[in-house]
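Number of protein chains: 8
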Amino acid sequence: MKTQAKAILEAVSAGTLSVDEALLRLKTDPFEDIGFAKVDLHRKIRQGLPEVIYGAGKTPGQICGILETMVKNGQGRVLVTRLSPEAAETVAERHPIVYDAPSRTAILGGKPAPDGIGRIVVATGGTSAIPVAEEAAVTAEVFGNEVVRLFDVGVAGLHRLLAHKEEIMSASVIIAIAGMEGALASVIGGLADCPVIAVPTSVGYGASFGGISALLSMLNSCASGVSVVNIDNGFGAGYLAGLINHMEAKR
Amino acid sequence: MKTQAKAILEAVSAGTLSVDEALLRLKTDPFEDIGFAKVDLHRKIRQGLPEVIYGAGKTPGQICGILETMVKNGQGRVLVTRLSPEAAETVAERHPIVYDAPSRTAILGGKPAPDGIGRIVVATGGTSAIPVAEEAAVTAEVFGNEVVRLFDVGVAGLHRLLAHKEEIMSASVIIAIAGMEGALASVIGGLADCPVIAVPTSVGYGASFGGISALLSMLNSCASGVSVVNIDNGFGAGYLAGLINHMEAKR
Amino acid sequence: MKTQAKAILEAVSAGTLSVDEALLRLKTDPFEDIGFAKVDLHRKIRQGLPEVIYGAGKTPGQICGILETMVKNGQGRVLVTRLSPEAAETVAERHPIVYDAPSRTAILGGKPAPDGIGRIVVATGGTSAIPVAEEAAVTAEVFGNEVVRLFDVGVAGLHRLLAHKEEIMSASVIIAIAGMEGALASVIGGLADCPVIAVPTSVGYGASFGGISALLSMLNSCASGVSVVNIDNGFGAGYLAGLINHMEAKR
Amino acid sequence: MKTQAKAILEAVSAGTLSVDEALLRLKTDPFEDIGFAKVDLHRKIRQGLPEVIYGAGKTPGQICGILETMVKNGQGRVLVTRLSPEAAETVAERHPIVYDAPSRTAILGGKPAPDGIGRIVVATGGTSAIPVAEEAAVTAEVFGNEVVRLFDVGVAGLHRLLAHKEEIMSASVIIAIAGMEGALASVIGGLADCPVIAVPTSVGYGASFGGISALLSMLNSCASGVSVVNIDNGFGAGYLAGLINHMEAKR
Amino acid sequence: MKTQAKAILEAVSAGTLSVDEALLRLKTDPFEDIGFAKVDLHRKIRQGLPEVIYGAGKTPGQICGILETMVKNGQGRVLVTRLSPEAAETVAERHPIVYDAPSRTAILGGKPAPDGIGRIVVATGGTSAIPVAEEAAVTAEVFGNEVVRLFDVGVAGLHRLLAHKEEIMSASVIIAIAGMEGALASVIGGLADCPVIAVPTSVGYGASFGGISALLSMLNSCASGVSVVNIDNGFGAGYLAGLINHMEAKR
Amino acid sequence: MKTQAKAILEAVSAGTLSVDEALLRLKTDPFEDIGFAKVDLHRKIRQGLPEVIYGAGKTPGQICGILETMVKNGQGRVLVTRLSPEAAETVAERHPIVYDAPSRTAILGGKPAPDGIGRIVVATGGTSAIPVAEEAAVTAEVFGNEVVRLFDVGVAGLHRLLAHKEEIMSASVIIAIAGMEGALASVIGGLADCPVIAVPTSVGYGASFGGISALLSMLNSCASGVSVVNIDNGFGAGYLAGLINHMEAKR
Amino acid sequence: MKTQAKAILEAVSAGTLSVDEALLRLKTDPFEDIGFAKVDLHRKIRQGLPEVIYGAGKTPGQICGILETMVKNGQGRVLVTRLSPEAAETVAERHPIVYDAPSRTAILGGKPAPDGIGRIVVATGGTSAIPVAEEAAVTAEVFGNEVVRLFDVGVAGLHRLLAHKEEIMSASVIIAIAGMEGALASVIGGLADCPVIAVPTSVGYGASFGGISALLSMLNSCASGVSVVNIDNGFGAGYLAGLINHMEAKR
Amino acid sequence: MKTQAKAILEAVSAGTLSVDEALLRLKTDPFEDIGFAKVDLHRKIRQGLPEVIYGAGKTPGQICGILETMVKNGQGRVLVTRLSPEAAETVAERHPIVYDAPSRTAILGGKPAPDGIGRIVVATGGTSAIPVAEEAAVTAEVFGNEVVRLFDVGVAGLHRLLAHKEEIMSASVIIAIAGMEGALASVIGGLADCPVIAVPTSVGYGASFGGISALLSMLNSCASGVSVVNIDNGFGAGYLAGLINHMEAKR
């Protein structure tokens, strides 16, 4: 953006752009051209970071259209989340995506080689949370992270979790996913010394209230280093974990 | 009660009681005289089981009055719960109670020797749950149970809990008390093979919502053998644990 | 477990196992091998106690797989809960299970002869709670308990309940199941002198809010000896009742 | 009202009132002059029915002012509810009210002789609901009803309630007041064949949530003939019970 | 009941019944035989009052079975509520019921001539509340009440309601049914001087939360004489209104 | 109305209408005849303002019936909201409506030329809120307003919104529509100096709770000049915006 | 802002400002200097519109400091809201404010002459909502509006409201303030043809839940033209009403 | 731990430790001795990382005792949170703590020089959130982070936030703290490309519900990279931000 704004100013200075015209361009240019987000976007494209399409509520046609635009603009890697198998089939007819049924995601351009600080552990309390966990895991992988999956290590059978303490202790970031009572985040938070991202799931019945019980449990975690994302938000957790796993000095 | 109803019938049969008079007595006698609860009460008095006075919202004068009536009726052991230190002082001037500040309970007639099946473990997640835990523990003791206290063994520092697995594995009943995320009940429920009574506490801040978070967490526990009582209801947990710890054949 | 851990140590002591190999085995062995839960599991298998499969959200294929593994490992009796009739049909083609439609449970290996302390009463407020009640009853029976069913004895017609006071007074444990206002637990809790496990159900309409009304009502029960499990959790109540009905000295 | 509107019309017809003036009066007259509520008010004054002042949030001065106006307008009997002892003292200096501490009500002009269809039973589950019960009872009495008080007949000790089945069976209207689990309304509703007005109270702790638990329980009552008023609304229950107890043919 | 109990006592007195046998009969007789509810039931049958079957969750077969039993026991008039058209068709093949689609009720034995104190007004705020209103109206009619229907008189068009003030002022009991903001109950309560039964409905969208908004609004009504039943509980309102409309002296 | 009431009075004055007949007409005439709403209605018809039919829950037949009546009474322009495509098809067979699929509205008589004070901006946070936005926009247009649509300008990409600050700054009224966190209303409220009407939508998942999150966020907006309508209530927002955009002196 | 940005560009064009320096200034200048809000602020000062200080949670010293800064910058009229009498006293020692106890507001510089389109009616359901109403009324007056106060016109006594239909019909904007059931907004919305701003208040007890009941009721209003602000937010309503009452053409 | 467990095994192998003794030590050693947390603790002490005492609910005496123990064990730096000024005074008499009133924290041993990856920005929406923000900032500083404070940059005046986009764009981690509508987290999340930790505060009134509104808003943030901690949990946010700001390769 600086370039763009600077270019306008230089044109004014050089007399090749009138003040009024410059004023107009400064005002009407998409704000990202003189600001924040677009720089980021450019950096993303330059660095090969993937774009993301939230597939829920979009028709296969709309998804194809967005994909096309992205590809035209040089975007080589795209992640589509919350994509139904039916929609995936239609999209696959026109774009070489690879669909992953458990996570309901599709990837265009494959997963990159991991280049993060360490490994991201994705742990679930039970088997029913696996779809959310796979969404988190695939997201993290698409953003260049190595992922270790620890599924069905809920606290009601603590030994299952403790048998994997090595992975937990050596993780860079941990994503703890659980429905029902959501205690997994606290227990992992108490074991680990890295950031823990808790994801409540809507799995459960009765007083689990579609994930509220797990959500509250996770927000109230006594363990330090735990934060929470929205119910079933595997993508958000995977994305944030990837951000943290790619921390680098900014000074 | 059978005795009492039978006595009426026998008196009718013997002609010493008119039909109408018998009818009246069957109807106007306190229902416990021809029914359920009073038998239990009699058994209690006979067996030396304590009576309980819920002290909250009662004046010291009212508590003294109830105590007096109980003592007159041969009740040798009484537990008063939710008793403020001020009220306790006033009551102590007229009755030889022993007041226990941490649990806010008072006992008349002392604690009996334990005669239950095994030991009742009272565990808390943190130090702030101790008042509720002491109410549970003292209640259990007054009802003739041996109590093991495991305080501050919350899941955020799992090793503290695991260091006491011996006590947990050998318990007869466990009372798991926790505020905030209430994960203690699930973790203990996963370790133990005995009934676990979970008590959510109102301790906490923010999204703990006065105990709702812990309550929901405990209700959703994935561990089998866990049930829940009301928020802060230490007495209820102690009483129920005592019942279970005194199970005996009824056949 | 002690045996297993001891065996490792003895092998080290005897020089037949290297320190590093022993270290590895102590770490990689399922934690239950050096700990708590597995002992329990072994005891279960040795004593013929059933294993349980939570059928909801599992495919018939998955259930068959788990069943097969269990049978191979000598498990002669298995309870499957929340099993749809369709899934049951498929499973029945490969395993000699007996399906019980009202409770949506299947049993492999039949029910054992009851060997508990006494009888477990399963009471419901209305007919619509019967599926939950049957899940509780069958669970208790599979775990070796004699069960008395008292259905449709809700408090709105108190005489229906009082007509069964004999069963209530002589019960070892009572499971009180009700939707709507959930008053059954309090009334039974006031009549009985044994532990009462309250199960709120999601049956109802309007302000019953999927069981919240009954849940709150049961948590606030003024009767002593009452605890609560999750909404519709018949299995949990049956399992806990069985635990209590098999209490024995641990000293 | 008909009279008043008719009078206007007759004056127009007689030529003693211009059309425009009549139009203005029809529009600007207080609506009660051509309508509903005021007729009712007049009837009240004529029949000696009491007026009511809701004392909460009013200064003693304001209450005195309203009282004065009422007395000037010929109102001989006034009920003041939710009146603190301090405010009552001040008011009593200027008006011959009789203050009733348990119900926090004051009465000017005394209670009338009961003239209702039958007796109104006011029942409470515990002693802590008595202030609400007394507000209901005094309100009913001031409106000319005979009241029978059945306090502390909660369902956790069912015999206490059943011992009074005579009063319950012969009541004209029953007001059932309870906090905590609020089961009293259902049980009484199942016993009685008259209208039952349920009043949840804010008494309780933990999951009673300031009366929500009792409120939901009462709304979900399986017993027919039960309706509910606001939490702690003793006045509303007493007033409605009085209305019902004075039903008379309107044809 | 008195007769029955007295009969037992007289037989004992006469020596024709042993004490033990009498004891047994007093205990095992259905409680209604020595108590409250059954007397009421008998009275109902004797007086021709209808029995009610709550059809929701019952199969046509079950409903037929219950109907048959009732008819055999001399019950000439039966109301079935919450009956789907499909179920009604099946039932109609075996019993001469008359099905009413709008209210989803079926009647066996027809509606009796009204014999209440006055008229019951059933008012709704909109057209979508009509199914609940019809359930209330039909229930009231089956219990012998004359019903006036005032549909779609919501407060957002106040003139629609005020145009019917005559009916409102002369009603014996009013049932006010509304979803969304539920203000109808308050406005009617302010106009009328008779008992008002408010029925919140689940009709609405957004922040109506399935009837919670209307429910809270009605509970908080500033108008005296208003009480509330469960969301969508047209039957409960109609039954209670009928009770009130048949009040008679009990002294 | 004044005319109508005056006419009655004049007829009485002239002796052509008896007092009793006048009384009856004043009472039985629809209240709008002597009051408020109908004047408004008349003005509407006179001025060509549209009538509105809320289509949800009405059959095509009912809608046709209402339409017919309106047309007969000279209503030339009608808006039907919440109309399904299927119902629209049926209605279109009998009335020349134009159906708009995105907003699920139908218009009879076309949109008028805009005659408001300024432009109404309809902004959404994402694409999924567009149906609600279109309902708002079409409603505003049918009521004679020029509408500017700013879709998908959510705060998570602030530049998208800021790129349109010109439209925002020059708007007469702004309708801000958003689901999930609902921050759009606050950000727009901080930018604009005109009234902002916030519409929460039920779009979202997890802790969006069907629009509650957005609703609370909007109610708590720190920006002045923001008010809120019900979740998904596009019509309400469009109607209110139209009212404000047609403000004129009333003195 | 345009001026400011243009000035920078002209300086660049004239060669008196380097490109880099211009770039820096465009970026580091407070955004209001090149944007929206500050223009608005300038306009406010120029036009004599008041500034507002939210007094809650600020010390008298802080308020004095802010006042001083405002006065120095030429702000002649300031409104302070939520100001306690004690704080007002301290502030009054240093600034010539006029404190209004009922609304807890203070004004510096007096109220301007009204110059809006019409009159703003502020209506309350009861006397306890008057503090909120006065905050709204004073706010509106300080922003140059004529205010008509209609207090205690709740729907439970509909005639009180209808007696003021003239004021309601002729209002430019109406602010409807009510606690408890909040029906006032719907009824007024049904009577008036102008925008209605509904303000729920936290006044009430029991199931009013601190204003939630009134809030939901108002959000669900069936009347068109009604929108809602936060509970007790009198200022917000007064400010918005003032905005609407000063609408003018923007084209 | 590996060392410790290995040491035991080596001693067994060397014959200097019997199998039984080894078994006992493996079982009875505090789990932290053979596990996770304690290693972490040792590392902390070795590296000079601070310990933390949660001061709420602890007496000054208890805090002193804990401090003493820590100091004895070589802990040179301790942070005490939620410490009242009164308690701080007492503690300061015995320990050289420095108390910080705005954050209610005390530090023993001073703040270390920052050594993180970059800067942590702590931003608040208003001035009332500053206490929570200071708790977060001080916590981060005590854990060795450079903190930039951006207070009162709420979205209702977007320019205030945008004026600081430089700090936001260059931050390593951002803590976004806001009450009321909590939109700050979304707006910052949309601007920044680093992890954002959102902290809802309990500041607000009306429908802010003690922080629930802000909490839900933040959980539903559409911006990627945002996670949430408990209401008012400044410490948790500061600690987690510190963890992230000290990420380093673990491979």
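Residue numbers (the numbering used here), protein chains in the order written: chain A, 1 to 251; chain B, 1001 to 1251; chain C, 2001 to 2251; chain D, 3001 to 3251; chain E, 4001 to 4251; chain F, 5001 to 5251; chain G, 6001 to 6251; chain H, 7001 to 7251. All C-beta atoms in this analysis are idealised placements derived from N, C-alpha and C, irrespective of residue type, glycine included.
In this structure, does DSSP put residue i in helix, strand or coil?
i                  : result
Glu-3135 (chain D) : helix
Pro-3102 (chain D) : coil
Tyr-1054 (chain B) : strand
Arg-94 (chain A)   : helix
Ile-3066 (chain D) : helix
Ser-2224 (chain C) : coil
Arg-7077 (chain H) : coil
Leu-7108 (chain H) : strand
His-5159 (chain F) : helix
Met-7247 (chain H) : coil
Ala-7011 (chain H) : helix
Can you have a look at residue i and say buried or exposed, based on whether 16 or more other CB atoms are within 10 angstroms of its CB?
i                  : result
Asn-3145 (chain D) : buried
Ala-6140 (chain G) : buried
Ala-7178 (chain H) : buried
Ala-1214 (chain B) : buried
Glu-2032 (chain C) : For Glu-2032 (chain C), the predicted model reports a pLDDT of 32, less than 50, meaning its position is unreliable; a value from the coordinates is still stated below. Burial call: buried.
Could you give the first and the last residue of the continuous beta strand (DSSP E) run that contains residue i?
i                 : result
Pro-200 (chain A) : 196-200
DSSP beta-bridge partners for residue i?
i                  : result
Glu-6146 (chain G) : G:Arg-6119
Thr-3124 (chain D) : D:Ile-3177
If you follow the alpha helix (DSSP H) that residue i is part of, which residue opens it and which one closes it?
i                  : result
Ala-5207 (chain F) : Taken as a continuous stretch (DSSP letters only), Ala-5207 (chain F) belongs to no alpha helix (DSSP H), as it is neither H nor E.
Leu-6215 (chain G) : 6212-6219
Ser-1186 (chain B) : 1184-1191
Taking 8 Å as the cut-off, does the stretch 6217-6234 of chain G touch the stretch 6185-6194 of chain G (at least 3 CB pairs, one atom from each stretch)? Taking a cut-off of 8 Å on C-beta distances, the stretch 6185-6194 of chain G touches the stretch 6217-6234 of chain G, as three or more cross pairs fall below it.
For the stretch 81-89 of chain A against the stretch 144-159 of chain A, are there 3 or more C-beta pairs whose distance is under 8 Å? no
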